[in-house]
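This report refers to the structure that appears directly beneath it.
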Amino acid sequence: MQKHKEKEEKKKKEGKRKVVTEASGDSKEQGSKRKAEEKRRRGEGPKCHHCQHCDKYFTTSGYLKIHQRVHTGQKPYRCDQCGAGFTQESALKTHQRIHTGEKPYRCDQCGAGFTQKIALKTHQRIHTGEKPYRCDQCGAAFTQQTNLIIHQRIHTREKPYRCDQCRAAFTQQSTLKNHQRIHTGEKLHSCDQCGAAFARQSALKNHQLIHTGEKPYSCDQCGAGFTQQSALKKHQRRVHTGEKPYWCEQCGQTFSQSWSLKRHQRVHTGAKPYWCEQCGKTFSQSGNLKKHQRIHTAS
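If you count the sequence shown from 1, position 255 lands on 354 in my numbering, and the numbers rise without skipping.
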C-alpha cells in the first residue's frame, strides 16, 4: 500500500516537471519569435532591406545603399590619376593597382602576379586544367563564365556590339574597341625591342614572343608548342580532336575555325571583299586575288 502511494506521488512530480519544461520551451520559442520580430522592425533581421527598383533584398542598409548605385549610376569613388569612377571603395583600390603596378596575388606554380584574387583563381585553372563552365549545345568548356557567354553567341549568332562608323557587329565589346582603331589608326602599344606598334596590348604580347622565343601553350597530346592559346586550340581541332564547332546555317557544312566558316559563307552571299587595284576584278578569297595579281606582275 505504501509502495503504491510512493509511485503515485512520483508520477505526479514527473508530470509537473514535464508541464514546466513544455511551458518553458513554449516561452523560449515565443521569446525567439518576439526577438526576431523586433530585429525586423529595427532593420537588423536577415535580408530585410528591400530595393524598390529590382525587388532584391539585403542584410544591411549599407549593402542596399551600395546596390542602389547600380540603378542611380552614382560613382562616388574616383581615381585621381585617370578619373575612372566606382560604386565601391574596394573597387577603386583594385583599379588603382593598374597605375601602381601592384600585384599582390601571385601564382605559386609559375610566379604570375594579379591585381585581384579572383583573377589568380581563374589563372590557376590553366595549371589544373579545370574548366567548370560548359556549353550545353556543343560541350565546349571554359575557365570563366564570361568566356562561355561570349562563346554561346556563336550558336545564337548574337552580336550586340556595333561599330557606329561602318556598322560591323561583334560578339565582344573589346573586339569592337580593337576594330574601331582601324578607323582611328590608333596604335597605343609599341615593342621596346623593334619599335613595332599595335592597336591591342594582347597583340603586342604575342609579338614579343618572337623575340623571347617563348611558347607557353603546349599540346598535351603531341607536345607541339604555340605562342597563342588560340593557335593551340586550332591545332588540337585540326590534328587531334577533329572538332568542328562552326557550322553554316544554309547548307549545314561544319568548320573547325570561325574564319573558315566566314570564307565559306561568301559562296551563299556572293560577297567578294578582295579587289584588284589594277583592273577592278573582285574575289571572295585573298588567295585568289594574289593568284590573279600575278597576271599583272608577269606582264
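Even glycine gets a Cβ: it sits at the ideal position worked out from N, Cα and C.
The alpha helix (DSSP H) that contains residue i, what's its start and end?
{"i": "H339", "result": "Taken as a continuous stretch (DSSP letters only), H339 belongs to no alpha helix (DSSP H), as it is neither H nor E."}
{"i": "L219", "result": "216-227"}
{"i": "K164", "result": "160-171"}
{"i": "T186", "result": "T186 -> no alpha helix (DSSP H), and no H or E assigned at all."}
{"i": "T274", "result": "272-283"}
Identify which residue in the options has its Cα closest to the Cα of residue i.
{"i": "C348", "options": "D291, R336, G341, H363", "result": "Just to set this straight, residue 348 is Glu in the shown sequence, not Cys. Ranking the options by Cα distance to E348, first place goes to H363."}
{"i": "Q399", "options": "E229, R256, Q236", "result": "No answer is possible for residue 399: the residues shown for the chain start at 100 and end at 398."}
{"i": "T255", "options": "H198, P344, Q320", "result": "P344"}
{"i": "D235", "options": "Q251, T283, C321, T227", "result": "Q251"}
{"i": "K333", "options": "G312, H310, S359", "result": "S359"}
{"i": "S289", "options": "H306, Q279, K276, L275", "result": "H306"}
{"i": "S385", "options": "K361, A397, K286", "result": "K361"}
{"i": "S301", "options": "K155, T326, F185", "result": "T326"}
{"i": "Y232", "options": "Q223, T245, I225, H222", "result": "T245"}
{"i": "T193", "options": "Q215, G172, I249", "result": "Q215"}
{"i": "I433", "options": "H170, P315, G341, S273", "result": "Because the chain here runs from 100 to 398, residue 433 falls outside it and cannot be looked at."}
{"i": "C350", "options": "Q356, G341, S357, H367", "result": "H367"}
{"i": "S329", "options": "R266, G284, Q264, F241", "result": "F241"}
{"i": "Q264", "options": "G238, H282, G322, Y316", "result": "H282"}
Whose C-beta lies closer than 6 Å to the C-beta of residue i among residues of the same chain, with five residues either side of it excluded?
{"i": "F382", "result": "K371, Y373, L388"}
{"i": "A122", "result": "Confidence in A122 is poor, its pLDDT being 44 and thus under 50, which makes the residue's placement unreliable; the coordinate value appears in the next sentence. None."}
{"i": "Q320", "result": "H339"}
{"i": "A268", "result": "K258, R261"}
{"i": "I253", "result": "none"}
{"i": "R168", "result": "T186"}
{"i": "R205", "result": "G212"}
{"i": "Q352", "result": "none"}
{"i": "K174", "result": "G184, F185, T186"}
{"i": "H170", "result": "H152"}
{"i": "R280", "result": "A298"}
{"i": "F354", "result": "K343, Y345, L360"}
Give me, in chain order, the residues of the same chain whose beta-carbon lies closer than 7 Å to that of residue i; leave out the 5 immediate sequence neighbours on both sides.
{"i": "G369", "result": "none"}
{"i": "C318", "result": "L331, H334, Q335"}
{"i": "H395", "result": "Q377"}
{"i": "T227", "result": "none"}
{"i": "Q292", "result": "H310"}
{"i": "C375", "result": "L388, H391, Q392"}
{"i": "K155", "result": "H166"}
{"i": "H278", "result": "C262, A267, F269"}
What does a CB cutoff of less than 8 Å around residue i pick up in its chain, not counting 5 residues either side in sequence?
{"i": "R139", "result": "Low confidence applies to R139: its pLDDT is 49, below 50, so where it sits in the model is not reliable, and the reading given next is rough at best. Counting only Cβ-Cβ distances below 8 Å, and skipping sequence neighbours, we find C147."}
{"i": "G379", "result": "none"}
{"i": "K314", "result": "L308, G324, F325, T326"}
Determine, using beta carbons only, whether residue i comes closer than 8 Å to chain D.
{"i": "K276", "result": "Checking the listed chains, one finds no chain D in this structure; it contains a single protein chain."}
* Residue ranges of each alpha helix (DSSP H) run of no fewer than 4 residues wholly in the segment 309-388, ordered along the chain? -> Entirely contained in the segment 309-388, the alpha helix (DSSP H) runs reaching 4 residues are, in chain order, 328-334, 357-368.
* Asked: How do the segment 178-188 and the segment 147-164 stand: do at least 3 beta-carbon pairs fall below 8 Å, yes or no?
  -> They do not touch, by the three-pair rule.
* Report the residue ranges of all alpha helix (DSSP H) runs contained in full by the segment 221-265; include only those spanning at least 4 residues, in chain order. => Along the segment 221-265, the alpha helix (DSSP H) occurs as fully enclosed runs of 4 or more residues at 244-255, listed in sequence order.
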